[in-house]
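Working notes, structure below.
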Amino acid sequence: RDSINDHWVNATIPEDFFDDLGKLNYFNNPLLFEGREGAKTPSQLFQFFMSYTIARFDVSLVTLLGVHQGLGHNSFLFGGSKEQVAYYIPKLQSHELRTCFALTEPNHGSDVAGGLETTAVRDGDKWILNGEKRWIGGAHLADVIPVYA
Numbered sequence: 009r010d011s012i013n014d015h016w017v018n019a020t021i022p023e024d025f026f027d028d029l030g031k032l033n034y035f036n037n038p039l040l041f042e043g044r045e046g047a048k049t050p051s052q053l054f055q056f057f058m059s060y061t062i063a064r065f066d067v068s069l070v071t072l073l074g075v076h077q078g079l080g081h082n083s084f085l086f087g088g089s090k091e092q093v094a095y096y097i098p099k100l101q102s103h104e105l106r107t108c109f110a111l112t113e114p115n116h117g118s119d120v121a122g123g124l125e126t127t128a129v130r131d132g133d134k135w136i137l138n139g140e141k142r143w144i145g146g147a148h149l150a151d152v153i154p155v156y157a
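Numbering (the numbering used here) for the sequence shown: 9 to 157.
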């Protein structure tokens, strides 16, 4: 089995990282949501310790995980239709699908309050996106990418 050092030296990501996390069932374990209203967000304390433990080996893996379970996952959870939530959330929580998010723009950075130049216009049952995004961390690994417009 490859060591984390091999991946560090070769600037690669362990292919089984997300698969192994999915097998742990950490992201949709009912114990994480016990006593929490809405059962949408796992315990911050649990997330901290999970991230801390992974960061002891490689902080870039924690960054990928944060992008996936942060704005990537939550874009579907809080902004998706019922159908999208039903389809994507179980696959994202099990890491069957990977995600990130496209927010940062060349002229605005990530300042959504200042307005985004990217537009999304509905055309029948499709959307036409126009604009530019930068610094989409994890895009090369993502299966689905929510775009902020």
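Just so you know, even glycine gets a beta-carbon here, dropped at the ideal spot from N, CA and C. Note that the coordinates shown come from a computational prediction; the quantities given were computed from them, not determined experimentally.
Within the DSSP bridge table, the entry for Asp131 names Lys134 as partners.
In this structure, Leu29 lies near His103, with their beta-carbon atoms less than 7 Å apart. Between Leu124 and Glu113 the beta-carbon gap is near 6 Å, inside 8 Å, which marks them as a contact. According to the DSSP assignment, Trp143 belongs to no alpha helix (DSSP H), since it is labelled neither H nor E. In the three-state scheme derived from DSSP, where H, G and I count as helix and E and B as strand, Ala110 is classed as strand. For secondary structure counted as the beta strand (DSSP E) over 3 or more consecutive residues, the stretch 58-117 holds no complete run. In this structure, the CA atom of Gly132 is about 39 Å from the CA atom of Tyr34. In the DSSP assignment, Val17 falls within the alpha helix (DSSP H) that extends over 12-18. The secondary-structure analysis by DSSP pairs Val152 across a beta bridge with Thr107.
Under the three-state reduction of DSSP output, Ala121 falls in the helix class. Here Phe35 carries a coil assignment [DSSP, helix/strand/coil]. Annotation: Leu72 to Gly146 spans about 6 Å, alpha carbon to alpha carbon. The closest CA to that of Val120, considering only Leu111, Ala128, Thr127, is found on Leu111. Burial check for Ala150: the Cβ neighbour count within 10 Å reaches 16 or more, so the residue is buried.
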